[in-house]
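Remarks on the structure that follows.
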Amino acid sequence: MEFNVAQLMKEATGARREFDLDDDITNLDGGLRPLSHLTGKLELLRIHSGVLANGAFRVALALDCGRCLEPVSIAVTVEFSESFRPLTDIQTGRFLSPEEFEGQAEDLTDEALLIDAQHILDISEVVRQNIWLAIPIVAACEYIDPENGAADPDACPKFQELLSESALADPSGKQATSGAEGIDPRWEALLALQDDPRGE
Ligand SMILES: [Zn+2]
38 MEFNVAQLMK EATGARREFD LDDDITNLDG GLRPLSHLTG KLELLRIHSG
88 VLANGAFRVA LALDCGRCLE PVSIAVTVEF SESFRPLTDI QTGRFLSPEE
138 FEGQAEDLTD EALLIDAQHI LDISEVVRQN IWLAIPIVAA CEYIDPENGA
188 ADPDACPKFQ ELLSESALAD PSGKQATSGA EGIDPRWEAL LALQDDPRGE
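Sequential numbering of the sequence shown, starting at 38, is according to my numbering.
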């Protein structure tokens, strides 16, 4: 996800380039499990301070369902608009210090937003961070309620299966809604005693 912007940097403010991306991001981040290429559009716009990168991408990721822990495929949409500043002056090669630019100090010193001395603009880190921001806090198996057509993340089919299995295992049904899936099987005998008022 590297782009040589030497030519663009020599052009006037408002000059732009567009790219269609279809990138394998397997090695982008060890914590991500991509199931597809990252696809979408990148626009690079010459602005006074450098280059504004506008990206809109999609990628399918393998995440664990928050209910049954089975892997699920989640399509993530990544959109960003970040301004990159050059490390060196395109005409003279002179090093440019952050103070020579206007803007937030933390953005101007952010290495992820630097165009390097070879005039390479690399969006990898921005993409990586934005993927993490776009990941749902709780992923869930897709389940559509047949009665009203609504998606219900709590109705993960495998989770419902677990619930009904634990209800069968415990005829009193008391454990069916209290999350019996977390109970160590060695305690189950004790639970049976607790549910039986005559138990000893
Ligand atoms: Zn699930």
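Cβ atoms here follow ideal geometry from the backbone N, Cα and C, with glycine treated the same way. Quick caveat: nothing in here was measured; it's all calculated off a predicted structure.
Between L65 and S161 the beta-carbon gap is near 6 Å, inside 8 Å, which marks them as a contact. Taking the Cβ of E107 as the reference point, at least one heavy atom of ligand 1 falls within a distance shorter than 7 Å. In terms of Cα proximity to S86, the closest of S73, G103, L124 is L124. Counting of Cβ neighbours within 10 angstroms places P173 among the exposed residues, the total staying below 16.
Using a 10 angstroms sphere on the CB of F196, the tally of other CB atoms reaches 16 or more, which defines it as buried.
Comparing C-alpha distances from E39 to each of E198, Q141, L58 shows the shortest one belongs to L58.
DSSP places P194 in no beta strand (DSSP E) but in the uninterrupted alpha helix (DSSP H) bounded by 194-206.
The beta carbon of D153 sits closer than 6 Å to the beta carbons of L124 from its chain, once the five residues preceding and following it are set aside; these are given in chain order. Between A43 and R83, the C-beta gap is not smaller than 8 Å, which leaves the two residues out of contact. In this structure, the straight-line span from the alpha carbon of C105 to that of A149 is close to 37 Å.
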